[in-house]
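Undergrad: Just passing along the structure, written as structure tokens.
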Amino acid sequence: DHGVGVLDWPANSPDLNPIENLWVCSCVCVLPRIFIIWAISSWFRRGPSTPDPSTPAGAPRLPSRNLFPKDTLMDLYVYISENEIFTDFNNTEALFWYQQDLVYGDWTTGESGDGCYEHYQELDLSESVKQNGSTYIHIYFTKSGFHPDPKRKGQYRRLSTVHSTRMLNKYKRRKFLKTKNLLTGETEADPEMIKRAESHGPVEIISHWHPNLTINMVDDHTAWVKGSVPPPLDQHVKFDAVSGDYYPIVYFNDYWNLQKDYHPINETLQNLPLRLSYCPLSLWRWQLYAAQSARSPWNFLADDTYEQSDEDQDSVKVALLETNPYLLGLTIVVSIVHSIFEFLAFKNDIQFWNSRQSLEGLSVRSIIFGVFQSLVVLLYILDNETNFVVQVSVFIGLLIDFWKITKVMDVRLDRENRIAGIFPRLIFKDKSTYVDSSTKIYDDMAFKYLSWLLYPLFGCYAVYSLLYVEHKGWYSWVLSMLYGFLLTFGFITMTPQLFINYKMKSVAHLPWRMLTYKALNTFIDDLFAFVIKMPMMYRIGCLRDDVVFFIYLYQRWIYRVDPNRVNEFGTSGVERSKDSPAQAVAADTTAAITDKSEGEKKND
1 DHGVGVLDWP
11 ANSPDLNPIE
21 NLWVCSCVCV
31 LPRIFIIWAI
41 SSWFRRGPST
51 PDPSTPAGAP
61 RLPSRNLFPK
71 DTLMDLYVYI
81 SENEIFTDFN
91 NTEALFWYQQ
101 DLVYGDWTTG
111 ESGDGCYEHY
121 QELDLSESVK
131 QNGSTYIHIY
141 FTKSGFHPDP
151 KRKGQYRRLS
161 TVHSTRMLNK
171 YKRRKFLKTK
181 NLLTGETEAD
191 PEMIKRAESH
201 GPVEIISHWH
211 PNLTINMVDD
221 HTAWVKGSVP
231 PPLDQHVKFD
241 AVSGDYYPIV
251 YFNDYWNLQK
261 DYHPINETLQ
271 NLPLRLSYCP
281 LSLWRWQLYA
291 AQSARSPWNF
301 LADDTYEQSD
311 EDQDSVKVAL
321 LETNPYLLGL
331 TIVVSIVHSI
341 FEFLAFKNDI
351 QFWNSRQSLE
361 GLSVRSIIFG
371 VFQSLVVLLY
381 ILDNETNFVV
391 QVSVFIGLLI
401 DFWKITKVMD
411 VRLDRENRIA
421 GIFPRLIFKD
431 KSTYVDSSTK
441 IYDDMAFKYL
451 SWLLYPLFGC
461 YAVYSLLYVE
471 HKGWYSWVLS
481 MLYGFLLTFG
491 FITMTPQLFI
501 NYKMKSVAHL
511 PWRMLTYKAL
521 NTFIDDLFAF
531 VIKMPMMYRI
541 GCLRDDVVFF
551 IYLYQRWIYR
561 VDPNRVNEFG
571 TSGVERSKDS
581 PAQAVAADTT
591 AAITDKSEGE
601 KKND
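Heads up: the sequence shown is residues 1 to 604, going by the UniProt record's numbering.
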């Protein structure tokens, strides 16, 4: 039997560093919303509208006004129905809340003196809703003395009634992952979940309920121009087709409803709690909510697979709720700096390998191992159906690692010895500058010593994963085992370069700009690792790369640049200084490396 892991869609992502998730949420989630808010604010600062060719004689559209002037006395009608279009106004059981004498734009009345009113009631569940049916809330604001029912002659007026509808329940996809112990076939999954997986298939659509919802009426009297309202505000501003004026903006505010507070609706429930709140809302705060609720501007495909996940949205909300405002502002600023450093590290890494003519002092095996590591990570996140943005970023990193292979090895196509007689065979060969150098000897020696440590660790981790962790199959076990091992012990693969530096008594061959930018990002991660709530193992993991980099710094300090030494091009800093000062500076910044004699190699 297979065990069943229950996951909300999208499926679970690999155990990435929480620090990385913080930067993703800050940059990918928050910053685009800030741009939207800036665009909306820019629209408000524009001058008068330009003539519209679609209007008669090219006359400009006239600004409209709010149909409800400030301090308008209003009545609130709230109906609950299973129908999306509501007409049963005479059904008293459908009337959930009736509130009289609300004042539009008033911020001083209400139970707490802030203009807010609240109503709580438990709803009886019908069999249809228990069986994944929908239920809707219908909101009507009318000017005092009027009724929302169009059939009531003399009591209904179209321009005095504001209506908005929304589904109360939320459908979420729950995915069943069939897992088991590959050796025994046993599982710790709930038997009930196993039955549901067999009856509903791999994905089940389940209706969920949140007990809180806020109804906001935006206190706004902007002279909106029809057809010129900037997105995403245009989705909420409704104009009357006859008068051209606009209705007050009614906004269903569930921004602070966290996903963990949603509960599934099932056959065992008899009623559901619902707490409705009515509050006025300023135009500026409404812009913030509308921008946060808008779909990502980069979501060019109408698919939630490429949209920000509910969990990512919750992480932003929790940060806003629980983080000190000063720390939150610092986080956003540091996130921008973090992204800049990442870009600069990427840029300098490409430049370094693109201009590199000699492999003296560089660990080629580490580059090859990096390709293997990137490939394992990509296959693992594809197997776990991780976020599309993460998949793209890892794929780009893999392409860069493949490109580095062409810089450290001679790669050619063998068209004579084809695979299966069809596909040309790829031939990889060490470059001559690497084969004939002491670097290869030290590189082989470093990985030989490293294998004495890695192979036992790898074997122990593989046995542990096979005995104590459930998997979907053997393929998933191999990927998860390799990924977990690399995540835990991958930093050890950085040590061969340290060994080569030690043997050559030089660090001038390293891409110091790229390493510096990456080290700065690592230090930033370390600082926030002790601010953000996360497991202790992640905090320890954030410190491992720092230890290696500090060793690099120590080696740079003890293996100082010697301008008298001859570099791989046969020149020294002293000789270049005779030609031009600029060349002398270049010689100082790129330290000389000389190959060692056979006697020196034996002494090492």
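Just so you know, even glycine gets a beta-carbon here, dropped at the ideal spot from N, CA and C.
Here the structure is a predicted model, which means the values were calculated and not measured.
Looking at the unbroken alpha helix (DSSP H) that takes in Pro456, where does it start and where does it end?
TA: Pro456 -> alpha helix (DSSP H) spans Ser438 to Tyr468.
Undergrad: Only counting the same chain, and skipping five residues up and downstream in sequence, which positions put a Cβ closer than 8 Å to that of Lys431?
TA: So the list reads Leu359, Val408, Met409 and Asp410, once near-sequence residues are dropped.
Undergrad: Quickly, what does DSSP pair Ile350 with across the bridge? List them, please.
TA: According to DSSP, which records beta bridges pairwise, Ile350 is partnered with nothing at all.
Undergrad: Give a yes or no on whether the C-beta atoms belonging to Leu398 and Leu375 are separated by under 9 Å.
TA: Yes; because the gap between Cβ atoms is below 9 Å, this pair is in contact.
Undergrad: From Asp254 to Arg556, what distance separates their C-alpha atoms?
TA: Near 55 Å, if we compare the C-alpha coordinates of Arg556 and Asp254.
Undergrad: Excluding the five sequence neighbours on either side, which residues of its own chain have a C-beta within less than 7 Å of the C-beta of Leu379, listed in chain order?
TA: These residues qualify, in order along the chain: Leu479.
Undergrad: Quick check: the Cα distance between Leu457 and Ser134, rounded to an integer number of angstroms?
TA: C-alpha separation (whole angstroms): 53 Å.
Undergrad: Output the boundary residues of the alpha helix (DSSP H) element that contains Ile500.
TA: Its alpha helix (DSSP H) spans residues Thr495 to Met504.
Undergrad: For Asn253, decide whether its Cβ has a neighbour in chain C, counting only Cβ atoms nearer than 9 Å.
TA: Note that chain C does not occur in the displayed structure, where there is just one protein chain.
Undergrad: For residue 607, does the count of other Cβ atoms within 10 angstroms reach 16, so buried, or fall short, so exposed?
TA: With the chain represented from 1 up to 604, any question about residue 607 goes unanswered, as that position is not in the structure.
Undergrad: Which of the three DSSP states, helix, strand or coil, is assigned to Arg425?
TA: Arg425 falls in the strand class under three-state DSSP.
Undergrad: Taking DSSP's pairing of strands, which residues face Tyr255 in a bridge?
TA: For Tyr255, which the question treats as bridged, DSSP gives no partner whatsoever.
Undergrad: Tell me the rounded alpha-carbon separation between Leu125 and Asn132.
TA: Whole-angstrom Cα-Cα distance: 11 Å.
Undergrad: Do you know how far the Cα of Ser315 is from the Cα of Asn501?
TA: One C-alpha to the other measures close to 42 Å.
Undergrad: Alpha helix (DSSP H) containing Arg157: first to last residue?
TA: Where Arg157 is concerned, there is no enclosing alpha helix (DSSP H), given that its DSSP letter is neither H nor E.
Undergrad: Using a Cβ-Cβ cut-off of 8 Å (strictly less than) and excluding sequence neighbours within five positions of Leu62, which residues of its own chain qualify?
TA: Only Val225 and Gly244 meet the Cβ criterion.
Undergrad: How many Å lie between Leu520 and Ile332 at the Cα?
TA: About 16 Å.
Undergrad: Can you have a look at Phe141 and say buried or exposed, based on whether 16 or more other CB atoms are within 10 angstroms of its CB?
TA: Label assigned to Phe141: buried.
Undergrad: Excluding five sequence neighbours on each side, which residues of the same chain lie with their C-beta closer than 8 Å to the C-beta of Tyr156?
TA: Excluding sequence neighbours, Tyr156 sits near Phe146, His147, Pro148, Asp149 and Pro150.
Undergrad: When the Cα of Lys448 is compared with those of Ile419, Val469 and Thr493, which residue comes out closest?
TA: Closest option to Lys448, Cα to Cα, is Thr493.
Undergrad: My assumption, with CB atoms under 8 Å, is that Tyr98 sits in contact with Leu123. Please give the rounded CB distance.
TA: Tyr98 to Leu123, Cβ: 16 Å. No contact.
Undergrad: In chain order, what residues of the same chain have a beta carbon less than 7 Å from the beta carbon of Arg415, not counting five sequence neighbours either side?
TA: So the list reads Pro424, once near-sequence residues are dropped.
Undergrad: If you draw a straight line from the C-alpha of Glu188 to the C-alpha of Leu467, how long is it?
TA: Spanning the two alpha carbons is a distance of roughly 13 Å.
Undergrad: Would you kindly report the start and end of the unbroken beta strand (DSSP E) that includes Val78?
TA: Val78 -> beta strand (DSSP E) spans Leu73 to Ser81.
Undergrad: Would you kindly report the start and end of the unbroken alpha helix (DSSP H) that includes Trp474?
TA: Run containing Trp474: Trp474 to Phe489, per the alpha helix (DSSP H) assignment.
Undergrad: Using the beta-carbon count (16 or more within 10 Å), is Glu93 buried or exposed?
TA: So Glu93 ends up on the exposed side.
Undergrad: Beta-carbon separation of Ile249 and Trp286 under 9 Å?
TA: Cβ atoms of Ile249 and Trp286: closer than 9 Å.
Undergrad: Ser358 by DSSP, collapsed to three states: which one?
TA: It is coil, neither helix nor strand.
Undergrad: My understanding is that Ser465 touches Gly484, with C-beta atoms under 8 Å, so please give their C-beta distance in whole angstroms.
TA: Yes, they are in contact, since the Cβ atoms of Ser465 and Gly484 sit about 7 Å apart, within 8 Å.
Undergrad: Confirm, please, whether the CB-CB distance from Thr165 to Ile137 is below 9 Å.
TA: Going by C-beta atoms, Ile137 is nearer than 9 Å to Thr165.
Undergrad: List, from N- to C-terminal side, the beta strand (DSSP E) runs of 3 residues or more that fit wholly inside the region 105-146.
TA: Entirely contained in the region 105-146, the beta strand (DSSP E) runs reaching 3 residues are, in chain order, 117-124 and 136-143.
Undergrad: Return the Cβ separation of Asn169 and Ser112 in integer angstroms, given the expectation that the two are a contact with Cβ distance under 8 Å.
TA: In fact, because the Cβ distance is near 29 Å, the residues do not count as touching under 8 Å.
Undergrad: How should Glu127 be labelled, buried or exposed, when 16 other C-beta atoms within 10 angstroms of its C-beta is the threshold for buried?
TA: The residue in question, Glu127, is exposed, as its Cβ has fewer than 16 Cβ neighbours within 10 Å.
Undergrad: Quick check on the DSSP output: the alpha helix (DSSP H) that includes Ser374 runs from which residue to which?
TA: Start and end: Val364 to Asp383.
Undergrad: Return the bridge partner residues of Thr222 from the DSSP annotation.
TA: None; Thr222 has no bridge partner.
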